[in-house]
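Novice: Take the sequence shown: its letter number 11 is residue 391 in the numbering used here, and every next letter is one higher. Starting off with a structure, shown below.
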Amino acid sequence: MKPPVLCARETITVGEEAAVQAPAETPPNSVVFEDNGKTGYLYALDNSIKANPIVDAMMIYDVAQITDKHLPCKLEVVWSGDGLVAVLFLNRHPHAAFDFGERRGYCRTGYPPPDQRWPTSPDHTWDDAVLQKLGLP
């Protein structure tokens, strides 16, 4: 098993517009985190789809509900060595993951329901087992 790869590291401020791209080392998969000032979302992209590569999206936070949004937040995206699983960490805590092999998303909010293009994913409920695919406990 190839070791996990850190593909993005940024310091953001919750509620300030930001976009962080984190492509897998091997195309075509990538994820993008976006804070539009009101919400934070993580998007799964299949870049082999030219018209609209976004295959799923998950809400990470609602800015209005974050009490310490004024503090800097360390954002990291780690990919599994095989380029199939991406995990979003905020302040070293896993908040969301996309498993491109299983066509599934996992997040702490569980919202919104999965996109129709990933019909094998019944919901976005978080499961710590996805971290094992990175080789993490």
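Backbone N, C-alpha and C fix where the C-beta goes; we use that ideal spot for every residue, glycine too.
#1: Distance check for ILE392 and PRO452, CA to CA, integer angstroms please.
#2: How many angstroms separate the CA atom of PRO384 from the CA atom of PRO433?
#3: Alpha carbon to alpha carbon, what distance is there between HIS450 and VAL435?
#4: Would you say VAL411 and ALA424 are within 8 Å of each other, going by their C-beta atoms?
#5: Helix, strand or coil for LEU455, going by three-state DSSP, please let me know.
#6: Looking at the structure shown, is ALA444 part of a helix, part of a strand, or coil, going by DSSP?
#7: Give the range of the beta strand (DSSP E) segment to which THR393 is assigned.
Specialist: On the basis of the data shown:
#1: 6 Å
#2: 24 Å
#3: 32 Å
#4: yes
#5: strand
#6: helix
#7: 385-393
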